[in-house]
Amino acid sequence: MSEFITLTIDGREIKAAPGTSILRAALANDIYIPHLCDHKDLTSVGICRVCLVDIEGRRPTVSCMTPVEEGMVVSTANEELEQTRRMNLELLVLNHDYDCQNCAQNNKCQLQELTRFIGLDEDRIKAMRAPELADPIDDSNPYYLRDMNRCVRCGICVRACEEIQGDECIDFVFRGIETRIGVLGDKPIIDSTCTTCGECVTRCPVGALVPRHAVEPTYEVETVCPFCGCGCGILVGARGGKVVSSTAIPDSPSSGGSLCVKGRFGLGFVNSPRRLTTPLIRKEGKLVEAGWDEALSLVAEKLGRYKGSEYATIASAKCNVEDNYVMQKFTRAVMGTNNIDHCARL
Ligand code: FES
189 MSEFITLTID GREIKAAPGT SILRAALAND IYIPHLCDHK DLTSVGICRV CLVDIEGRRP
249 TVSCMTPVEE GMVVSTANEE LEQTRRMNLE LLVLNHDYDC QNCAQNNKCQ LQELTRFIGL
309 DEDRIKAMRA PELADPIDDS NPYYLRDMNR CVRCGICVRA CEEIQGDECI DFVFRGIETR
369 IGVLGDKPII DSTCTTCGEC VTRCPVGALV PRHAVEPTYE VETVCPFCGC GCGILVGARG
429 GKVVSSTAIP DSPSSGGSLC VKGRFGLGFV NSPRRLTTPL IRKEGKLVEA GWDEALSLVA
489 EKLGRYKGSE YATIASAKCN VEDNYVMQKF TRAVMGTNNI DHCARL
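Okay, so the sequence shown: first residue is 189 according to the working numbering, each after it adds one.
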């Protein structure tokens with residue numbers, strides 16, 4: 189028996205593994221079905237209802253929640269589907285802040301893409317528009333902003349928090365038209381258990397969750413996070429000779445596309461004017477800049493005054509494995525002591 193299921197989407201025969209949703213099977217084969225609440229890293233929940241498709245012999249069906257079946261014949265476009273999708277999209281944007289020009293997500297927004305693809309009747313929206321929520325922007329977190337006036341309640345942030353970070357610090361709160369994403373007791377995010385990993389921020393399809401200091405990089409470099417020994421893969425973005433962003437490499441073998449607060453938001457130290465770039469030696473009570481040869485000679489001379497248990501090393505998680513190996517070798521073989529420890533996490 190074949191390990192793949194064969195189905196037809198828009199007249200094209202495609203194959204997909206059992207259990208794959210129609211939406212993901214279509215997208216994997218470059219067949220676009222509009223969607224908003226589905227995310228490849230998260231379980232599907234079928235909230236937005238814009239991913240409707242027609243399956244031969246059935247009524248319009250939510251494609252993100254329907255697994256592929258042998259011999260299925262799917263159609264992604266017809267007049268009825270388009271009308272229903274448009275109505276579902278209208279319901280999503282009724283309460284959405286339309287000020288795209290002042291949104292950090294402008295031109296990268298999935299809602300804008302959907303609106304362009306599906307099309308909206310502006311007059312109908314104006315007539316149905318719900319009263320403005322005018323929620324104050326939650327700027328309590330030092331690294332990202334929460335603007336619930338731009339939220340479309342897709343729940344991606346809730347699932348990212350729960351499924352990727354295992355935190356569950358946010359959820360749907362209130363009821364009916366007042367439903368929104370919030371924390372226990374409707375407090376500012378800083379008063380929750382949020383660890384600022386940014387998994388929700390990076391997946392928010394609209395401008396509801398945005399980094400506080402978002403600057404578009406002109407180029408990105410693939411590297412490894414400098415903070416600890418986990419070795420998470422990151423893309424460091426730079427602009428004008430300065431580091432301006434850090435994003436996870438999705439298929440990084442050590443991190444699988446996740447980052448913590450340090451790797452995602454903590455690279456500002458690279459541009460800090462207070463960063464040490466030359467050794468400093470204390471002379472007559474003052475730290476003065478010195479060359480590396482002078483500094484290393486001084487360290488060697490001072491280390492020569494100690495032996496055995498008079499000496500201890502604290503190794504750094506910022507060093508790589510090889511550097512830390514040399515550190516323990518030096519401590520044991522040269523200084524003659526097992527007094528060595530390591531700040532495994534920063
Ligand atoms: Fe299918 Fe939202 S993507 S319901």
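C-beta atoms are modelled at their ideal positions from N, C-alpha and C, and glycine is treated no differently. It should be emphasised that the depicted structure is a prediction, and the values quoted were computed from it without experimental measurement.
Taking 8 Å as the upper bound for CB-CB distance, V394 and L240 are not in contact here, some 20 Å apart. Distances between the C-beta of R237 and the heavy atoms of the ligand FES include at least one below 7 Å. For C357 against V371, the beta-carbon gap comes to about 6 Å, under 8 Å, which counts as contact. Relative to the ligand FES, H284 has its C-beta separated by 7 Å or more from all heavy atoms.
Segment contact: the segment 471 to 480 against the segment 441 to 451, fewer than three CB-CB distances shorter than 8 Å; contact not assigned. At least 8 Å separates the beta-carbon of E270 from that of I193. With a threshold of 7 Å, the Cβ atom of V262 does not count as near the ligand FES, since no heavy atom of the ligand is closer than that. DSSP, read as helix, strand or coil, puts D379 in helix. Measuring C-alpha to C-alpha distances from I378 to each of G417, T406, Y332 and N295 identifies Y332 as the nearest.
The straight-line gap separating the alpha-carbon atoms of T406 and N512 is approximately 35 Å. For the ligand FES, a non-hydrogen atom lies closer than 7 Å to the CB of L211. Looking only at A204, S433 and T501, the smallest Cα-Cα distance to T254 is reached by A204.
Per DSSP, the continuous beta strand (DSSP E) segment holding K203 begins and ends at R200 to A204. Taking each of D439, V398, D481 and F453 in turn and checking the Cα distance to G425, the smallest one comes out for F453. The beta-bridge partner set that DSSP reports for H530 consists of A503.
By the criterion of a C-beta distance shorter than 7 Å, C342 is surrounded in its chain by L224, C225, I235, C236 and P393, once the five residues flanking it on both sides are discounted. Below 8 Å, too few C-beta pairs join the segment 423 to 442 and the segment 336 to 350 to call them touching: fewer than three. By the CB criterion at 8 Å, I528 and A503 fall inside the cutoff. Out of I202, L491 and T272, the CA that lies nearest to the CA of F518 is found in L491.
F360 is bridged by DSSP to I369. CA-CA distance, V409 to T435, rounds to 10 Å.
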